[in-house]
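Trainee: Residue numbers (my numbering), protein chains in the order written: chain B, 1 to 384; chain Z, 1001 to 1384.
In this text, a Cβ means the ideal position worked out from N, Cα and C, and glycines have one as well.
There's a structure below that I have some questions on.
2 protein chains.
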Amino acid sequence: MNYFSTSFTLGILGGGQLGKMMLYETRKWDIKTHVLDPSNEAPCRIAADHFQQGNLMDFETVYNFGKKVDVLTFEIEGVNIEALEKLESEGIKVYPSAATLRNIQDKGIQKQFYKDHQIPTSPFKVYKDKYALNEAIVRKELHFPFVWKSCTGGYDGKGVSIIREAEEVIPLSEGACIAEKLIPFKNELAVIVARNPSGEVKTYPVVEMEFHPEANQVEYVICPARIDDAVAEKARALATKVSEAFKHVGLLAVEMFQTEDDEILVNEVAPRPHNSGHYSIEASYTNQFEQQIRAILDLPLGNTDSKVAGVMVNLVGAESHTGPVVYKNIEKILAMEGVTPHIYGKKETRPFRKMGHVTIVNKDLNKARKIAEEVKKTIKVVSK
Amino acid sequence: MNYFSTSFTLGILGGGQLGKMMLYETRKWDIKTHVLDPSNEAPCRIAADHFQQGNLMDFETVYNFGKKVDVLTFEIEGVNIEALEKLESEGIKVYPSAATLRNIQDKGIQKQFYKDHQIPTSPFKVYKDKYALNEAIVRKELHFPFVWKSCTGGYDGKGVSIIREAEEVIPLSEGACIAEKLIPFKNELAVIVARNPSGEVKTYPVVEMEFHPEANQVEYVICPARIDDAVAEKARALATKVSEAFKHVGLLAVEMFQTEDDEILVNEVAPRPHNSGHYSIEASYTNQFEQQIRAILDLPLGNTDSKVAGVMVNLVGAESHTGPVVYKNIEKILAMEGVTPHIYGKKETRPFRKMGHVTIVNKDLNKARKIAEEVKKTIKVVSK
């Protein structure tokens, strides 16, 4: 198949920042794109050859959009799977496949998939609704503390809570959920696996999520993770196993816990480019978005090694600021060594809204980490 | 000034591959852009917020386009300078300035500028037309061989010829020209200088153009140049001097000769991102297009050092192929280590048309150079 400067068309469901960064790569290779997103102000609005506004969960919309493309992918999991299945049955290539997405989209099914495939994960129970969850608490089948996760719709920390007492159940949403054992862990790690339809597989180096000591929020994504080589090897091998179990095509971001005794447990996966791989744009030989394109188009996968160390900081809207966005002090961080901000293009900021990210690269990881701290202290996402 | 996700608008005259690569950076920072280009199929057609078709040499077109933007730049020298001057007088920021472009656009004026500013360059004479050139030959004021250059309109090797005998003058164009002494040189080098309106200046490492031993055509752009440190220092210092003499703002690519006795002579300059800086997308901490944006918006300049060594190969249309383009064996070069093709998006190939480039990066320059040779042997730009 000839993709470059031809009428071949790649369809992308979702037009947010991940899609936007993917479009840098389709532009670089002059691959024609169609993008579907519910918002007319989506970051992918420009740079796609054709943009369409529409509901990603609507069968007809997704089906009709997909009929006009040669290969269909998504940058968000919340898409209509039945439409993907019908498109596949009619010969459209959908990567990752509808079957893979079925095993991932619902977190209850995803956890059961790990169990069925002997993939280490924290012990859990699935509850069909909040009523069933409450009943299990009353019957003392479920003990505090536990991690509650909504089976669907979770994103960017939404749909996940640590429940320490009965009262904390009250504000949870009504739908199906899982309750997971709260595992004390040393590190939260992630590995991105790339796999193409021909079966070529490559993993990126292990990255580490460094948490704020008090706020318990991810502050920095660090590549490479500051862990033993043996642990890193184990994490990459496990991530590969997960990708193969899912028969996944494209990028799969595998989030994992490193327990106190150096066990690796799979937390959850995202079947697409991922926040934990943004560092790769500046640090890696092949960035995750180019790799995604290579994988879904069955091209040879690129080198996943890093040229330099990378640290990534998310740019989220400051608390108590809502309105037209201002990136305060951005010129100050541009004066720091090896600093690249990425601005997603959302015109309005809201508390904790993901507005962009900043990558800091350096030959010396410790220097990059120090500069990242300066970046975090300096730039503020506020409203006018 | 607040550039990021605001109504601030950057205007770009010219919508070719340089503009296209600049747009990756404006997208990364969500800076609003308007682009003007004569072709409705220009590579910048998408990814700009607003694209306008129009003649870059027409006063009214350029003036009216420029009135709607806050900062105006160009990615090609052939633009209407009078319009730039009028825009400047009305408060639009034009970078590089009209005055700088006046000293560069006409090669006769550019050479005289070097002479006036004690910038070493090969000896030359300016002739107001071909008649005057012929007269100088007849009067034996001008001796063979010499280098003929058209004062205007030269681009990608057009408008330059080595003249070894009287007959070779016949096919030359009629207009004003210069005749330069043919200087035997060891190396052709280039340095990109970035300078912002506040006067901050940075130079990129010296790159080397490696010529095909027989065809006398540039085959590889190599960074860093394989030359002595002292020569490299001298070249960077000279390039800085040239940029300052021009009071240049933005990127200035300074092409130079290293003579047999290690003198450095300025050949010519381009007041914009340049083919010799394409390696920087993959190899440098700050690529030349991001640097251009930083410079013209008076932001702090980024680190010009390289993360890794880089070699660049141009992708030009194969001889005797005209028509819809096919990048033959592109999947083979994608399997080679550290190889990134860039496809400019021209749908039709013609003999020697610049259709894209390929960058090869590696920690080891010699390895990158070897892989570049493989790339050159493998990929072919042909028609269907």
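Would you report the Cα separation of A48 of chain B and C1044 of chain Z, rounded to the nearest angstrom?
Mentor: 12 Å
Trainee: Given this structure, state the Cα-to-Cα distance separating E373 of chain B from H212 of chain B, to the nearest angstrom.
Mentor: 11 Å
Trainee: By Cβ distance below 6 Å, which residues in the same chain neighbour F1124 of chain Z in space, the five residues on each side in sequence not counted?
Mentor: K1111, I1178, E1180
Trainee: Just to make sure I have the definition right: I need the residues of chain Z whose C-beta is within less than 8 Å of the C-beta of R350 of chain B. Which are they?
Mentor: None at all; the shortest Cβ gap to chain Z is about 14 Å.
Trainee: Does the Cβ-Cβ distance between I1012 of chain Z and T1061 of chain Z come in under 8 Å?
Mentor: no
Trainee: For F1004 of chain Z, which residues in chain B fall below 7 Å Cβ to Cβ?
Mentor: Y327, I330, I343
Trainee: Would you say R164 of chain B reaches chain Z, if we count a Cβ-Cβ gap shorter than 8 Å as a contact?
Mentor: no
Trainee: Any C-beta of chain Z sitting closer than 8 Å to the C-beta of D70 of chain B?
Mentor: no
Trainee: Could you name the residues that DSSP lists as bridge partners for M256 of chain B?
Mentor: B:L189, B:V266.
Trainee: Just how far apart, CA to CA, sit V1308 of chain Z and Y1279 of chain Z?
Mentor: Their Cα atoms are separated by approximately 10 Å.
Trainee: Classify I346 of chain B as helix, strand or coil using the three-state DSSP reduction.
Mentor: Residue identity differs from the one stated: residue 346 of chain B is Lys in this sequence, not Ile. Correct three-state label for K346 of chain B: coil.
Trainee: Could you give the C-beta distance for V1382 of chain Z and T1349 of chain Z, rounded to a whole number, given that I count them as a contact under 8 Å?
Mentor: 7 Å
Trainee: Using a beta-carbon distance below 8 Å, is V1308 of chain Z in contact with chain B?
Mentor: It does; some Cβ of chain B falls within 8 Å.
Trainee: Quick one: which chain B residues come within Cβ less than 9 Å of E1244 of chain Z?
Mentor: What E1244 of chain Z touches in chain B: nothing, since even the nearest Cβ is about 21 Å away.
Trainee: From the DSSP output, which residues share a beta bridge with E1180 of chain Z?
Mentor: Z:F1124, Z:V1147
Trainee: In whole angstroms, what is the alpha-carbon distance linking V218 of chain B and M1022 of chain Z?
Mentor: 32 Å
Trainee: Do K1004 of chain Z and I343 of chain B have their C-beta atoms closer together than 8 Å?
Mentor: Note that residue 1004 of chain Z is Phe in the sequence shown here, rather than Lys. Contact check for F1004 of chain Z against I343 of chain B passes: the beta carbons are separated by less than 8 Å.
Trainee: For G153 of chain B, which residues of its own chain have a beta-carbon under 6 Å away from its beta-carbon, when the five flanking residues on both sides are left out?
Mentor: G159
Trainee: At which residues does the beta strand (DSSP E) containing E165 of chain B begin and terminate?
Mentor: First-last for E165 of chain B: undefined, no H or E at that position.
Trainee: Within the chosen definition, does the stretch 1259-1268 of chain Z reach the stretch 1079-1099 of chain Z through at least 3 CB pairs nearer than 8 Å?
Mentor: no
Trainee: Does DSSP put F246 of chain B in a helix, in a strand, or in coil?
Mentor: Here F246 of chain B carries a coil assignment [DSSP, helix/strand/coil].
Trainee: Which residues of the stretch 1126-1151 of chain Z have a Cβ closer than 8 Å to any Cβ of chain B? Give them in chain order.
Mentor: none
Trainee: Closer than 8 Å, CB to CB, is R1294 of chain Z near chain D or not?
Mentor: No chain D appears in the structure shown, which is made up of the protein chains B and Z.
Trainee: To the nearest angstrom, report how far apart R20 of chain B and T100 of chain B are at their CA atoms.
Mentor: In the sequence on display, residue 20 of chain B carries Lys and not Arg. Each residue's CA atom was taken as its position, placing K20 of chain B and T100 of chain B some 24 Å apart.
Trainee: Taking the beta strand (DSSP E) that Y220 of chain B falls in, what are its first and last residues?
Mentor: 218-223 is the extent of the beta strand (DSSP E) around Y220 of chain B.
Trainee: Run through chain Z and tell me which residues come within less than 8 Å of K347 of chain B, C-beta to C-beta.
Mentor: S1005
Trainee: Under 8 Å, Cβ to Cβ, is there at least one residue of chain Z near K247 of chain B?
Mentor: no
Trainee: Short of 9 Å Cβ to Cβ, which residues in the stretch 364-379 of chain B face chain Z?
Mentor: none
Trainee: Where V1254 of chain Z and E1290 of chain Z are concerned, what is the direct C-alpha to C-alpha distance, given to the nearest angstrom?
Mentor: 18 Å
Trainee: Taking Cβ-Cβ distances shorter than 7 Å, what residues in chain Z pair up with G338 of chain B?
Mentor: Y1285, N1303
Trainee: Could you pull out every residue in the same chain whose Cβ sits closer than 6 Å to the Cβ of K1363 of chain Z, ignoring the five residues on either side in sequence?
Mentor: V1308
Trainee: Between the stretch 1025-1049 of chain Z and chain B, which residues of the former have CB atoms less than 7 Å from a CB of the latter, in chain order?
Mentor: Those would be R1027, K1028, W1029, D1030, I1046, A1047, D1049, in chain order.
Trainee: Let me make sure I understand the geometry here. Which of B:E208, B:H34, B:K149, B:K202 has the alpha-carbon closest to that of F257 of chain B?
Mentor: Looking at the Cα atoms, B:E208 is the closest of the given residues.
Trainee: Interface residues of chain B around L1334 of chain Z at Cβ under 8 Å?
Mentor: R294, L299, P300, G302
Trainee: Could you tell me if F1144 of chain Z is buried or exposed, where buried requires 16 or more neighbouring beta carbons within 10 angstroms of its beta carbon?
Mentor: exposed
Trainee: Over what stretch of residues does the beta strand (DSSP E) that includes G11 of chain B continue unbroken?
Mentor: 9-13
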